[in-house]
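Chains as they are written, first to last, in this note's numbering: chain L, 1 to 207; chain H, 208 to 318.
Below is one structure; the comments refer to it alone.
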């Protein structure tokens with residue numbers, strides 16, 4: 001049983017959101033962008049973005065910086081990489097990547113062939129619901145403590161260190177619980193792709 | 208070069224996903240190096256991002272299974288000293304890439 005008083009109301013974060021330092025000038029970020037443009041381009045290439053699309057993303061990123069009200073950021077280079085990653089993510093999602101490279105990868109890793117996707121949206125919605133159901137099941141099979149830590153991290157947006165302090169455990173313990181929870185989520189998703197039943201207790205037998 | 212299994216790569220991708228949420232610039236540099244080691248790494252990272260994004264709050268159950276007593280013991284045994292807590296940065300004490308053998312050992316302890 002975990003009793004975890006939230007010391008304050010925290011906004012729910014989207015996965016990958018970073019917490020902004022609310023001060024200074026976006027001008028600093030633009031300077032940082034120009035200084036780190038090559039590194040960001042390399043990052044996008046490492047993320048398997050074709051060069052012309054990488055240029056598009058960097059252009060989008062710069063335009064976003066123009067409209068940014070927030071000020072100085074503690075780690076501008078990290079911040080810019082996160083922005084690039086988010087832009088990339090949005091593009092892949094919009095392009096319907098669930099059936100493209102990502103699933104092709106899963107299929108190739110698991111030796112499952114998969115036809116091209118021309119499914120109607122109603123079917124996609126059914127699949128999305130099934131996906132959520134599998135994820136929910138997989139999470140419910142986790143130890144309660146692991147699930148509580150996952151909720152604090154993913155739904156309440158707490159940092160690992162904050163969770164560690166709240167629960168009186170080490171940060172590395174928090175990370176272990178989170179890794180286990182994410183393994184369960186990813187395996188639930190794969191079970192949908194392959195049609196195999198999810199292995200909700202992937203790391204060992206219950207005795 | 209020893210080929211990593213998809214499961215190992217997935218474990219590393221999860222560790223990166225966690226590390227980068229609070230990642231400093233140096234973490235991103237290390238992440239790029241990991242990505243460049245193997246094209247499969249980028250795909251695995253996509254898989255984790257997508258899985259995470261698929262989670263809707265209402266789909267997350269309020270309670271899991273009763274926690275085994277030995278979980279409690281392990282947590283207490285690893286309570287950090289104040290200095291340790293201050294030092295911590297995700298992955299900060301490890302080499303550039305999250306350590307797979309370390310993960311495997313963790314998994315064994317979950318069994």
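Here a beta-carbon is modelled for each residue, glycine too, at the ideal position from N, C-alpha and C.
Cβ-Cβ separation between residue 225 of chain H and residue 179 of chain L: approximately 7 Å, consistent with a contact (criterion under 8 Å). The alpha carbon of residue 244 of chain H has as its nearest neighbour, out of L:43, L:50, L:36 and L:32, the alpha carbon of L:43.
With a cut-off of 8 Å on Cβ pairs, the stretch 209-221 of chain H is not in contact with the stretch 144-160 of chain L, counting fewer than three such pairs. Using a Cβ-Cβ cut-off of 8 Å, residue 237 of chain H is close to nothing in chain L; its nearest Cβ partner there is about 11 Å away. Nearest to residue 94 of chain L by C-alpha distance, out of H:235, H:257, H:264 and H:266, is H:257. The Cβ of residue 54 of chain L sits no closer than 8 Å to any Cβ of chain H. A distance below 7 Å between beta-carbons, with the five flanking residues on each side excluded, links residue 60 of chain L to the following residues of its chain, in chain order: 87.
DSSP places residue 51 of chain L in the helix class (H, G or I) of the three-state scheme. Closer than 8 Å to the CB of residue 140 of chain L there is at least one CB belonging to chain H. Listed along the chain, the chain H residues whose CB falls inside 7 Å of the CB of residue 122 of chain L amount to none; the nearest CB is some 18 Å away. Within the stretch 260-273 of chain H, contact with chain L at the beta-carbon level (separation under 7 Å) is assigned to 260, 261, 262, 263, 264, 266, 267, 268, 270, 271, 272 and 273. Look at residue 253 of chain H: its C-beta is under 8 Å from a C-beta on chain L. In the DSSP assignment, residue 272 of chain H is bridged to L:143. Around the Cβ of residue 129 of chain L, a 10 Å sphere holds fewer than 16 other Cβ atoms; the residue is exposed. Contact check for residue 232 of chain H against residue 46 of chain L fails: the beta carbons are separated by 8 Å or more. If you look at residue 246 of chain H, you'll find it in the alpha helix (DSSP H) that goes 246-261. What residue 245 of chain H touches in chain L, judged by beta-carbon distance under 9 Å, is nothing: the nearest beta carbon there is about 11 Å away. At a cut-off of 8 Å between C-beta atoms, residue 143 of chain L counts as an interface residue with respect to chain H.
Residue state for residue 218 of chain H is assigned as helix, using DSSP reduced to three classes.
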